[in-house]
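Just add 1 to wherever you are in the sequence shown, counting from 1, and you've got my numbering.
Cβ atoms here follow ideal geometry from the backbone N, Cα and C, with glycine treated the same way.
It should be emphasised that the depicted structure is a prediction, and the values quoted were computed from it without experimental measurement.
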Amino acid sequence: MRAAALGILALAAAVLTHPAALSARDQAGRLEQDSTEIEVLSQREMARQVFKDNLRQMTERLSVVESMPRFFQPLCIEVAGLEPEQARFVADRILATSLELGLGEPRAGCRANAVVIVVDDPEGMYKRLVSKRLDLVGVLPFRDVHTRRIESEVRGKRPVVWWSMLATANAQGVTFNDLGLVVSQSTAASRTASSTYRPKTLSVVMYDANQLGGATLGQIADHAALHILGMPRRQIDFGGIGLPSMLSLFADGPDVAPQALTDFDRAYLQGLYSLGPGAFQVRVPRAVVAAYAAQCEADQSDCRIKLQN
């Protein structure tokens, strides 16, 4: 009797656990769940590769053991060449982006370290800056681009020209004074971070008002934010770019370009600013992909990226 009972229980267990005993609805549900999980994983893998490809094509190339320059202090923004209300809108929008990255609020009466200029004659304006506001132009050892390059771009009627001033710092603070003399030095580097890092101390973005082409204030602000907070390349072939970016504002035109920072733009900035001082350039792609994944979680998205047509 006991053996018979055990046999019945074994038979019941076999029937309940056998795939044939599963209802069609259960099987369909499991297949749908599995396919969804596979699709999400493949989307994330594709996003990872596309993001890395876009980063290589759109951001400044540095040695893998160099640290990516960025701001570590709050932005103090000045906008020139627009009506006061328009200038305030642009400044507030750029500041809001910097706050999302954790830079903090600027102090009252701060000295401008992020300058946006909209002018009819960029070449003439640059000459005036050199002669009267050299503090906004700086000297080559502390600037990210050569003087000849800036002059060539303004003469070439580029719609936007930009440059940044950089310092060199370590855990104890700035290592070079205003005269370029070493005041402190640290050699405590690691395999993932340099002993020194390069904070931005000033960024200037100058637009040719005649080539804005109907760009909105929001587009101008977000475009400027990417140049102030990030390090985009000066020459980008947008024909080979898979993801939309506000950096294409003048390549695509305001009507076709994004109206605001895209998922890629935000992930790029979030990834860059998630890294500590001195983090090597080679760590940026992984940080950007991680930032994108975090955005997906926050938005309860399936991480499905939208490629450009």
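Give the DSSP-derived three-state secondary structure of residue i in the structure shown.
i: leucine 203; result: strand
i: serine 246; result: coil
i: isoleucine 237; result: coil
i: aspartate 209; result: strand
i: alanine 252; result: helix
i: alanine 295; result: helix
i: alanine 261; result: coil
i: leucine 12; result: Below a pLDDT of 50, predicted positions are generally treated as unreliable, and leucine 12, at 34, falls in that range; no measurement from the model is reported.
i: methionine 2; result: Low per-residue confidence applies at methionine 2: pLDDT is 45, beneath 50, and the placement is therefore not dependable enough to give any value.
i: valine 290; result: helix
For residue i, is the classification buried or exposed, using 16 other Cβ atoms within 10 angstroms of its Cβ as the cut-off for buried?
i: glycine 240; result: exposed
i: serine 99; result: buried
i: proline 266; result: It should be noted that the sequence gives aspartate, not proline, for residue 266. Buried, since its Cβ has 16 or more Cβ neighbours within 10 Å.
i: proline 160; result: buried
i: histidine 228; result: buried
i: asparagine 114; result: buried
i: glutamate 154; result: buried
i: valine 141; result: Checking the displayed sequence, the identity of residue 141 turns out to be leucine instead of valine. Exposed is the call here.
i: arginine 71; result: buried
i: glycine 145; result: According to the sequence displayed, residue 145 carries aspartate and not glycine. The residue is buried, with at least 16 neighbouring Cβ atoms inside 10 Å.
i: alanine 226; result: buried
i: aspartate 256; result: exposed
i: glutamine 74; result: exposed
i: arginine 234; result: exposed
i: proline 85; result: exposed
i: alanine 109; result: exposed
i: aspartate 136; result: exposed
i: asparagine 171; result: buried
i: alanine 258; result: buried
i: glutamine 220; result: buried
i: serine 132; result: exposed
i: alanine 280; result: buried
i: arginine 284; result: buried
i: arginine 199; result: buried
i: serine 300; result: The identity of residue 300 in the sequence shown is aspartate, whereas the question assumes serine. Aspartate 300 comes out exposed.
Between which two residues does the beta strand (DSSP E) carrying residue i extend?
i: serine 165; result: 161–167
Tell me, to the nearest whole angstrom, how far the beta carbon of residue i is from that of residue j; I am working on the premise that it is less than 8 Å.
i: leucine 56; j: valine 289; result: 6 Å
i: threonine 263; j: proline 245; result: 5 Å
i: arginine 89; j: aspartate 223; result: Not really, about 16 Å apart at Cβ, beyond 8 Å.
i: glutamine 282; j: serine 68; result: 7 Å
i: methionine 126; j: methionine 207; result: 7 Å
i: threonine 197; j: threonine 169; result: 5 Å
i: valine 116; j: glutamate 152; result: No, valine 116 and glutamate 152 are not in contact; Cβ-Cβ is about 18 Å, not under 8 Å.
i: isoleucine 237; j: leucine 248; result: 6 Å
i: leucine 130; j: valine 120; result: Their Cβ separation, rounded to whole angstroms, is 10 Å, which puts leucine 130 and valine 120 out of contact at 8 Å.
i: proline 107; j: cysteine 77; result: 4 Å
i: alanine 252; j: tyrosine 293; result: About 23 Å; that fails the 8 Å criterion.
i: proline 286; j: phenylalanine 52; result: 7 Å
i: valine 91; j: leucine 83; result: 7 Å
In the DSSP assignment, find the unbroken alpha helix (DSSP H) run with residue i in it and report its ends.
i: leucine 273; result: 264–275
i: alanine 226; result: 218–230
Check whether the Cβ of residue i sits closer than 7 Å to any heavy atom of the ligand NAD, and report yes or no.
i: arginine 156; result: Absent from the structure shown: the ligand NAD. Ligands present: none.
Inset, instruction - Write down every uninterrupted run of the beta strand (DSSP E) in the region 60–147 whose length is 3 residues or greater and which is fully enclosed by it, in chain order. - result: Counting only runs of 3 or more, we get 78–81, 115–120.
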